[in-house]
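The block underneath contains the structure these notes are about, expressed in structure tokens.
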Amino acid sequence: MNRQRAEEIVQSGEIKHVTYQGERVYIQQVDESNDTARIYPLDDPQKEIDVPLTQLVEKL
12 MNRQRAEEIV QSGEIKHVTY QGERVYIQQV DESNDTARIY PLDDPQKEID VPLTQLVEKL
């Protein structure tokens, strides 16, 4: 996923169909300096991790 699209998703506040390693996730924030995103699985909000934006996939 590119940074601009990730930022659009964060700003919208909507839950989009975004996956990380096949698991649906919510993007909390984007770190522009590192091209990473803070995410968590939809079914486990306590499990926050930072991942490269290139690892996120949006299913349309």
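Here the working numbering is used: the first residue of the sequence shown is 12, the next is one more, and so on.
Just so you know, even glycine gets a beta-carbon here, dropped at the ideal spot from N, CA and C.
Residues of its chain near residue i, where Cβ-Cβ distance is below 8 Å and the 5 sequence neighbours each way are ignored
| i | result |
| --- | --- |
| H28 | R35, E69, K70, L71 |
| T47 | V41, D61, V62, P63, L64 |
CA nearest to the CA of residue i, picked from the options
| i | options | result |
| --- | --- | --- |
| S44 | V21, G24, I50, P63 | P63 |
| Q15 | Q40, Y51, P52 | Q40 |
| E59 | E18, Y37, M12 | Y37 |
| V21 | Y31, Q57, R49 | R49 |
Where residue i sits in the DSSP three-state scheme
| i | result |
| --- | --- |
| I26 | coil |
| L64 | helix |
| E59 | coil |
| E69 | strand |
Distance between residue j and residue i (C-alpha atoms, nearest Å)
| i | j | result |
| --- | --- | --- |
| E25 | N13 | 18 Å |
Contact set for residue i: own chain, Cβ-Cβ below 6 Å, skip 5 residues either direction
| i | result |
| --- | --- |
| E18 | V41 |
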